[in-house]
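Student: According to my numbering, the sequence shown holds residues 17 to 194 in order.
If you scroll down you'll find the structure; I have some questions about it.
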Amino acid sequence: MKTNNSKYQDKSGFRVPEDYFESFDARMMDRLKENSSFELPDTARPFKVPAGYFDDLESRILDKSRQQPKGRVINLFRSEYLYYAAAVAAIFILMLGNFYKVETTEELGWDDIEISVMENYIDEGYEMGYIDLNTFDHSEFISEDGTLIDDSDFENVSTQDALDYLDENLEDPTYILE
Numbered sequence: 017m018k019t020n021n022s023k024y025q026d027k028s029g030f031r032v033p034e035d036y037f038e039s040f041d042a043r044m045m046d047r048l049k050e051n052s053s054f055e056l057p058d059t060a061r062p063f064k065v066p067a068g069y070f071d072d073l074e075s076r077i078l079d080k081s082r083q084q085p086k087g088r089v090i091n092l093f094r095s096e097y098l099y100y101a102a103a104v105a106a107i108f109i110l111m112l113g114n115f116y117k118v119e120t121t122e123e124l125g126w127d128d129i130e131i132s133v134m135e136n137y138i139d140e141g142y143e144m145g146y147i148d149l150n151t152f153d154h155s156e157f158i159s160e161d162g163t164l165i166d167d168s169d170f171e172n173v174s175t176q177d178a179l180d181y182l183d184e185n186l187e188d189p190t191y192i193l194e
């Protein structure tokens with residue numbers, strides 16, 4: 017069993033001579049004394065700047081930035097184009113509605129209307145005042161089992177009996193003639 021569980025090897029492949037780092041400072045100082053006349057070449061400053069260039073640089077930059085007139089900003093997306101597109105879309109939708117008309121072949125009858133809808137219509141009309149019914153008149157339109165009174169309910173009634181009923185109960189007889 018290994019006692020050293022390090023994931024790095026002890027021998028790395030780089031070798032340094034003995035006492036290299038202890039004597040490094042002394043060797044470097046000796047070399048600098050030997051080459052004390054060593055100077056950097058003149059290529060350390062490859063760019064030349066005129067004399068006094070940086071003295072008034074800030075003021076020149078500020079003068080140029082203040083003097084520039086503001087240019088006109090042209091908006092790339094105009095809101096007018098959005099209105100034009102909305103108008104074209106609305107016209108297109110209206111035209112589609114005219115071309116694709118759905119025609120119904122079925123006729124609507126009393127069976128198609130729900131009783132609750134009819135009751136709500138009568139109730140709202142009574143509350144708003146455009147239908148003037150008392151509770152007795154209201155209940156006459158709906159039979160006791162919840163179905164609406166239909167023309168088929170009057171098939172067994174003779175014409176003479178209906179005219180007699182109207183003659184007795186109708187206040188204005190001119191409605192019979194119409």
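For every residue, glycine included, the Cβ atom is placed at its ideal position computed from N, Cα and C.
All figures in this text were calculated on a predicted structure; none of them were measured in a lab.
Output the residue ranges of the alpha helix (DSSP H) runs that lie fully inside the region 69-136 and measure 4 residues or longer, sorted by chain position.
Tutor: Within the region 69-136, the complete alpha helix (DSSP H) runs of at least 4 residues are 73-83 and 95-115.
Student: Taking the alpha helix (DSSP H) that N185 belongs to, which residues open and close that run?
Tutor: That run of the alpha helix (DSSP H) goes T175 to N185.
Student: Give the straight-line distance between the Cα atoms of E140 and V133, rounded to the nearest whole angstrom.
Tutor: E140 and V133: Cα-Cα distance of roughly 11 Å.
Student: Under three-state DSSP, which class holds A67?
Tutor: The answer is coil: DSSP assigns A67 none of H, G, I, E or B.
Student: Return the first residue and the last residue of the alpha helix (DSSP H) that E38 is part of.
Tutor: First-last for E38: undefined, no H or E at that position.
Student: Given this structure, state the Cα-to-Cα distance separating S75 from R94, to the nearest angstrom.
Tutor: Going by the C-alpha atoms only, they are around 39 Å apart.
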